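Taking it in order: structure first as structure tokens, then the write-up.
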Amino acid sequence: MLRTHTCGELRKTHVGQQATLSGWVDKYRDHAGIVFIDLRDRYGKTQAKFNLEDNSEIQREARGLRHEDVISVTGEVVARPADMVNPKLETGEIELRVTQLTIQGKSATPPFLPGGSDLPNEEIRLKNRVVDLRRPELQQALILRHKFTKLVRDYFDRQGFLDIETPILGRSTPEGARDYLVPSRVHEGCFYALPQSPQIFKQLLMCAGYDRYMQIARCFRDEDLRADRQPEFTQIDVEMAFVQQDDVLEVIDGLIGETLRNLVGIEHPLPLPRYSYAEVMERFGSDKPDMRFGMELVDLGEIAAHCDFGVFSSTIQSGGRVRGLLAPAAADKYTRKMIDELTEFVKDYGAKGLAFLRVNENGLDSPIAKFFSPEDQAAIIAKFQAKPGDLIFCVADSFAVSCAALSALRNRLGRELKLYDPRSFSCLWVVDFPLLHFDAEDNRWVAEHHPFCYPHPDDVPKLDTDPGAVRAQSYDLVVNGYEAASGSIRIHDSAIQQKVFDLLQISPEEAEYRFGFLLQGLRYGAPPHGGIALGLDRWVMLLCGYDNIRDVIAFPKTQKASDLLSGAPSEVDFKQLRELHIKLNLPE
RNA sequence: GGCCCUGUAGCUCAAUUGGUUAGAGUACCGGACUGUCGAUCCGGUGGUUGCGGGUUCGAGCCCCGUCGGGGUCGCCA
Numbered sequence: 003m004l005r006t007h008t009c010g011e012l013r014k015t016h017v018g019q020q021a022t023l024s025g026w027v028d029k030y031r032d033h034a035g036i037v038f039i040d041l042r043d044r045y046g047k048t049q050a051k052f053n054l055e056d057n058s059e060i061q062r063e064a065r066g067l068r069h070e071d072v073i074s075v076t077g078e079v080v081a082r083p084a085d086m087v088n089p090k091l092e093t094g095e096i097e098l099r100v101t102q103l104t105i106q107g108k109s110a111t112p113p114f115l116p117g118g119s120d121l122p123n124e125e126i127r128l129k130n131r132v133v134d135l136r137r138p139e140l141q142q143a144l145i146l147r148h149k150f151t152k153l154v155r156d157y158f159d160r161q162g163f164l165d166i167e168t169p170i171l172g173r174s175t176p177e178g179a180r181d182y183l184v185p186s187r188v189h190e191g192c193f194y195a196l197p198q199s200p201q202i203f204k205q206l207l208m209c210a211g212y213d214r215y216m217q218i219a220r221c222f223r224d225e226d227l228r229a230d231r232q233p234e235f236t237q238i239d240v241e242m243a244f245v246q247q248d249d250v251l252e253v254i255d256g257l258i259g260e261t262l263r264n265l266v267g268i269e270h271p272l273p274l275p276r277y278s279y280a281e282v283m284e285r286f287g288s289d290k291p292d293m294r295f296g297m298e299l300v301d302l303g304e305i306a307a308h309c310d311f312g313v314f315s316s317t318i319q320s321g322g323r324v325r326g327l328l329a330p331a332a333a334d335k336y337t338r339k340m341i342d343e344l345t346e347f348v349k350d351y352g353a354k355g356l357a358f359l360r361v362n363e364n365g366l367d368s369p370i371a372k373f374f375s376p377e378d379q380a381a382i383i384a385k386f387q388a389k390p391g392d393l394i395f396c397v398a399d400s401f402a403v404s405c406a407a408l409s410a411l412r413n414r415l416g417r418e419l420k421l422y423d424p425r426s427f428s429c430l431w432v433v434d435f436p437l438l439h440f441d442a443e444d445n446r447w448v449a450e451h452h453p454f455c456y457p458h459p460d461d462v463p464k465l466d467t468d469p470g471a472v473r474a475q476s477y478d479l480v481v482n483g484y485e486a487a488s489g490s491i492r493i494h495d496s497a498i499q500q501k502v503f504d505l506l507q508i509s510p511e512e513a514e515y516r517f518g519f520l521l522q523g524l525r526y527g528a529p530p531h532g533g534i535a536l537g538l539d540r541w542v543m544l545l546c547g548y549d550n551i552r553d554v555i556a557f558p559k560t561q562k563a564s565d566l567l568s569g570a571p572s573e574v575d576f577k578q579l580r581e582l583h584i585k586l587n588l589p590e
């Protein structure tokens with residue numbers, strides 16, 4: 003071994019022992035007669051000391067060491083003089099008095115220093131990912147990711163789940179996200195699709211009798227990226243047979259409890275609270291509300307309907323909603339200019355404007371206050387339970403727009419007003435999603451989750467009469483405002499499946515052509531089953547307290563889905579294309 | 001596809017708002033220094049201001065286009 007200990011390991015108890023450490027030169031301090039090297043590996047840092055009197059040859063060599071050189075050093079672990087202890091280092095009570103030095107790998111001048119305080123921009127970091135990955139923050143994130151996946155596998159193993167792999171090269175299925183396609187050499191003109199999720203395969207495994215399945219599965223979706231979305235990402239994929247919705251939620255409750263307890267030391271109350279989709283949309287305007295703080299939406303419909311403010315009253319008349327939220331003690335914190343900025347912000351979500359009301363000792367102070375009678379002003383204050391110094395924002399629009407605008411505003415205000423501890427966790431289930439929504443553009447019903455999602459038993463009759471009111475047996479796990487998992491009970495009854503296909507305007511022939519292999523699986527004795535998938539990258543991001551998943555992925559892609567390190571995607575040889583029967587037809 | 005932010009030395013940033021030779025810290029190179037830990041001190045190298053046009057006596061700064069990076073809306077069953 004080229005080391006006897008790691009760079010995070012040595013303590014006062016090792017004093018007097020011989021030790022060999024290997025690692026990267028994090029910092030060097032050259033005093034001519036004495037040279038200090040902070041040697042770094044993923045376990046920590048240890049100071050190596052090269053004294054002229056100990057060995058002049060090695061000491062001279064040490065003076066040539068530079069950042070990121072890889073070296074091995076051997077010597078005696080010695081206690082530092084009391085006034086030379088470095089409390090910032092775990093190993094700060096000792097140092098290694100070096101008598102042997104091997105330069106294992108000299109480094110070219112690095113583009114930036116992993117130990118530096120100024121972080122370069124992300125483009126530089128991604129192009130030089132090897133250097134970036136040496137940063138302790140990134141190393142800790144990947145270590146936590148490992149601990150999480152291990153905890154997940156152990157948890158499901160204890161519960162009797164089998165880890166089974168499913169194909170990466172699959173069949174393109176319609177609906178859902180855009181597929182990544184892989185051309186077939188053997189089958190001219192045919193393509194595989196990379197899985198958006200192992201959805202159909204895990205259902206087939208249920209039909210095949212593997213009644214508890216889990217997999218940490220890579221998924222691919224060719225859609226635009228976000229801070230929490232990569233084109234390839236990892237799901238903790240779970241499916242269970244002979245279960246109902248409560249059974250799935252219970253298993254996941256246990257996993258979440260164990261995860262938060264073991265990885266971040268938080269006892270989250272269990273079972274996780276459950277809210278209906280209708281309730282969270284009404285109270286928070288979002289199907290993934292951040293419950294670390296309150297600031298619930300308040301309905302002003304009654305007052306708006308009869309007030310003199312035309313924007314409000316006409317919205318109510320045309321079937322829209324007037325709702326608002328209260329920013330506590332924010333009246334002085336938001337100047338008119340800042341409120342104008344918030345108005346622009348909500349316009350991104352379709353709102354046409356943002357009304358605001360400052361609450362003071364005398365009532366409401368606002369350009370629109372004059373439209374409200376003293377009684378209505380008092381009623382508004384009462385509804386919001388407003389106190390002097392508070393600031394009320396209102397949006398008048400369709401239900402959908404008021405939800406989108408106010409929930410975005412709520413998240414922003416919660417963050418800006420520091421209404422919650424960013425290290426805290428708030429997890430909840432959202433259940434009873436609608437099964438379908440009507441796509442006005444295409445003039446048809448579209449599955450909210452996916453076409454195999456079982457309707458709520460009480461709502462099955464409504465499939466014929468009022469499809470929009472049918473609830474699904476589907477559920478999302480929401481953590482700090484992120485969709486952290488999503489799943490459903492699946493249809494295993496071919497008559498109901500047919501009914502859903504009918505609503506989705508998928509003909510029997512088309513269904514057979516597109517999902518024949520699933521329908522065939524369901525035909526030969528299908529058990530009731532359901533499952534869920536957790537977004538692994540998002541979970542690790544949340545556990546780390548980060549706000550983008552690139553910092554928990556070793557080699558992530560940019561917003562344009564390219565890998566700046568390897569240069570993917572790239573052009574390929576004409577020969578490769580010819581073998582695949584592909585002719586390029588590029589835009590001008 | 002839309003909107004917003006961004007690109008100046010290897011890296012992090014500045015440049016008195018259009019004005020002379022684009023600066024600083026750090027890294028790198030050379031020198032001094034035997035207890036530093038953001039070592040210190042002295043000196044030095046380093047720039048097609050992402051790229052291409054335009055306006056102007058004059059552009060890092062203004063305009064148009066384009067490329068890269070980030071955020072977001074649409075999109076993501």
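Each residue of the first sequence is one higher than the last, beginning at 3 in my numbering.
Cβ coordinates follow ideal geometry from the N, Cα and C atoms, glycine included.
Because the structure is a prediction, the values reported are computed rather than measured.
First and last residue of the uninterrupted alpha helix (DSSP H) at residue i
| i | result |
| --- | --- |
| Val39 | The sequence shown places Ile at residue 39, rather than the Val named in the question. From DSSP, Ile39 is part of no alpha helix (DSSP H) but of the beta strand (DSSP E) over Ile36 to Asp43. |
| Leu265 | Gln247 to Val266 |
| Gly416 | Phe401 to Glu418 |
| Ser74 | First-last for Ser74: Val72 to Ala81, but that is the beta strand (DSSP E), not the alpha helix (DSSP H). |
| Ser316 | Gly312 to Gln319 |
| Asp504 | Ser496 to Leu505 |
Endpoints, beta strand (DSSP E) assigned at residue i
| i | result |
| --- | --- |
| Leu480 | This sequence places Val at residue 480; Leu is not what is there. Its beta strand (DSSP E) spans residues Ser476 to Val481. |
| Lys47 | Gly46 to Asn53 |
| His439 | Leu438 to Asp441 |
| Tyr484 | Tyr484 to Ile491 |
| His308 | Careful: His308 lies outside any beta strand (DSSP E), inside the alpha helix (DSSP H) at Gly303 to His308. |
| Gly191 | Note, Gly191: premise wrong, no beta strand (DSSP E); not H, not E. |
| Ser278 | Arg276 to Ser278 |
| Val324 | Arg323 to Ala329 |
| Thr175 | Premise fails: Thr175 is in no beta strand (DSSP E) and is neither H nor E. |
Residue i, buried or exposed, once every other Cβ within 10 Å from all chains shown has been counted against 16
| i | result |
| --- | --- |
| Phe286 | buried |
| Pro424 | exposed |
| Ser568 | exposed |
| Leu164 | exposed |
| Tyr236 | For the sequence presented, residue 236 should be read as Thr rather than Tyr. So Thr236 ends up on the buried side. |
| Arg127 | buried |
| His531 | buried |
| Val245 | buried |
| Gln475 | buried |
| Glu363 | exposed |
| Met293 | buried |
| Tyr456 | buried |
Which of helix, strand or coil DSSP assigns to residue i
| i | result |
| --- | --- |
| Tyr157 | helix |
| Ala110 | coil |
| Leu128 | helix |
| Thr101 | strand |
| Glu59 | helix |
| His531 | strand |
| Gln592 | Lying before the first or after the last residue shown, residue 592 is absent from the chain, which here runs from 3 to 590. |
| Ala353 | coil |
6 Å CB neighbourhood of residue i in its chain, flanking five on each side removed
| i | result |
| --- | --- |
| Cys192 | Ser186 |
| Leu41 | Cys9, Leu23, Gly25, Thr48 and Ala50 |
| Pro113 | Asn130 |
| Val313 | Ala398 |
| Ile341 | Phe358 |
| Arg137 | Pro116 |
| Val481 | Cys429 and Leu544 |
Own chain, CB closer than 8 Å to residue i, minus 5 neighbours either side, in chain order
| i | result |
| --- | --- |
| Ala143 | Val542, Cys546, Tyr548, Asp553 and Val554 |
| Gln141 | Arg44 and Leu135 |
Own chain partners of residue i with C-beta closer than 7 Å, once the 5 adjacent residues on each side are dropped
| i | result |
| --- | --- |
| Trp447 | Leu438, Phe440, Pro469, Leu505 and Leu506 |
| Ala556 | Leu135 and Leu144 |
| Gly533 | Lys204, Val240, Glu241, Met242, Val250 and Gly489 |
| Glu190 | His583 |
| Asn57 | Thr101 |
| Arg82 | Glu95, Ile96 and Glu97 |
For the structure I just gave you, are there three or more beta carbon pairs, one from the segment 212-219 and one from the segment 151-166, closer than 8 Å? yes
Would you check if there are 3 or more beta carbon pairs closer than 8 Å linking the segment 323-333 to the segment 341-355? no
Counting Cβ pairs, one atom from each stretch, are 3 or more of them under 8 Å apart for the segment 66-77 and the segment 103-120? yes
Any contact of the segment 275-291 with the segment 406-423, i.e. 3+ C-beta pairs under 8 Å? yes
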